[in-house]
Amino acid sequence: AQSVTQPDIHITVSEGASLELRCNYSYGATPYLFWYVQSPGQGLQLLLKYFSGDTLVQGIKGFEAEFKRSQSSFNLRKPSVHWSDAAEYFCAVAPYNNNDMRFGAGTRLTVKP
Amino acid sequence: DTGVSQNPRHKITKRGQNVTFRCDPISEHNRLYWYRQTLGQGPEFLTYFQNEAQLEKSRLLSDRFSAERPKGSFSTLEIQRTEQGDSAMYLCASSRQGVTGELFFGEGSRLTVL
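Going line by line, the protein sequences match chains A and B.
786 is the number that this note's numbering gives to position 22 of the first sequence; each next residue is one higher, with no gaps.
219 is the number that this note's numbering gives to position 108 of the second sequence; each next residue is one higher, with no gaps.
Laid out in structure tokens, this is it:
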């Protein structure tokens, strides 16, 4: 069965510092992989997605993620974090027809001034 | 594009009562999904519709949960005989068929069962 693990429940970084949020997945084939962000009082928003091809994908708000098949990972990165990036981040995996998207438990990001 | 709208945003009810949540998807989206999110967890898939057809409902949590999308537009999620364990955020999302993974989520309806 497909599953997603986000090992870090909570991460704190200083504004301007780099960020990496970890995501590991379990799936029988190469899945479709996603990162969503949930800000307080707002719905989840898609940051980026990977289906195939180039393993480094660019997303909105300056985020990128790298798919590593050998490590079953899809880590999210940002070179310089802004205070407005404070939110909950969810990694997700889905089969082709996306009717059963599985989310990780999320990583809460706090940004220090 | 007015986004996905969910109502009510917060519902407080007593154990044993029935509750219904409504979701209005983005107008041109033919797929609609319901998820449940509990504290400290990611969204958990419940069911989804393509137009008015409910294509997956085996993941609904119990027979007390049901969902409809009668005209392929808005959808309702009903929970009968609520229990305290039903307290959660219920999320609705919509998407275009064929656009895998790009779900547009509403802000959710929070249910508190006393």
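Note that beta-carbon positions come from the ideal geometry of N, C-alpha and C, so glycine has one too.
Nothing here was measured: the structure is a model prediction, and the numbers come from that model.
Run of the beta strand (DSSP E) containing residue i, from where it starts to where it stops
| i | result |
| --- | --- |
| Y791(A) | Unbroken run through Y791(A): none, as it is neither H nor E. |
| D174(B) | Counting along the chain, D174(B) falls outside any beta strand (DSSP E), and DSSP gives it neither H nor E. |
| A829(A) | 828–832 |
| F838(A) | 837–842 |
| V821(A) | 820–822 |
| I775(A) | 774–778 |
| R117(B) | Here residue 117(B) turns out to be Gln, not Arg, going by the sequence shown. Note, Q117(B): beta strand (DSSP E), 116–118. |
| W145(B) | 142–148 |
Residue from the options whose Cα sits closest to the Cα of residue i
| i | options | result |
| --- | --- | --- |
| H846(A) | G826(A), R833(A), P859(A), M865(A) | G826(A) |
| F831(A) | G780(A), C787(A), T776(A) | C787(A) |
| E784(A) | P859(A), S844(A), P804(A), S834(A) | S844(A) |
| G174(B) | Q161(B), N162(B), Q208(B), D197(B) | The identity of residue 174(B) in the sequence shown is Asp, whereas the question assumes Gly. Considering only alpha carbons, the answer is D197(B). |
| G212(B) | A869(A), S848(A), F867(A), K813(A) | K813(A) |
| T769(A) | S837(A), T874(A), S848(A), L873(A) | S837(A) |
| D818(A) | A856(A), E828(A), Q809(A), G780(A) | E828(A) |
| T193(B) | E139(B), V115(B), Q128(B) | Q128(B) |
| S848(A) | A765(A), P877(A), I773(A), D772(A) | P877(A) |
Alpha-carbon to alpha-carbon, residue j and residue i
| i | j | result |
| --- | --- | --- |
| Y791(A) | L797(A) | 11 Å |
| T187(B) | V801(A) | 25 Å |
| Y853(A) | G807(A) | 12 Å |
| E218(B) | M200(B) | 9 Å |
| R148(B) | R833(A) | The amino acid at residue 148(B) is misidentified as Arg; the sequence shows Gln. Going by the C-alpha atoms only, they are around 29 Å apart. |
| M865(A) | S778(A) | 32 Å |
| G823(A) | G868(A) | 19 Å |
Neighbourhood of residue i by C-beta distance below 6 Å, restricted to the same chain and skipping five residues each side
| i | result |
| --- | --- |
| E179(B) | T187 |
| N118(B) | R133 |
| Q208(B) | N141, R142 |
Contacts around residue i, its chain only, beta-carbon distance under 7 Å, and the 5 residues preceding and following it disregarded
| i | result |
| --- | --- |
| F815(A) | Y796 |
| A850(A) | L873, T874, V875 |
Residues near residue i in its chain [Cβ-Cβ closer than 8 Å; skip 5 each side]
| i | result |
| --- | --- |
| L225(B) | I123, T124, K125, R126, Q195 |
| S782(A) | R841, K842, P843, S844, V845 |
| T223(B) | H121, K122, I123, T124, S198 |
| S116(B) | C134, D135, G217 |
Legend entry - Meets three-Cβ-pair contact criterion under 8 Å: the segment 148–164 of chain B and the segment 121–128 of chain B: no
Legend entry - contact_flag[the segment 202–217 of chain B, the segment 128–148 of chain B] where n(CB pairs < 8 Å) is 3 or more: yes
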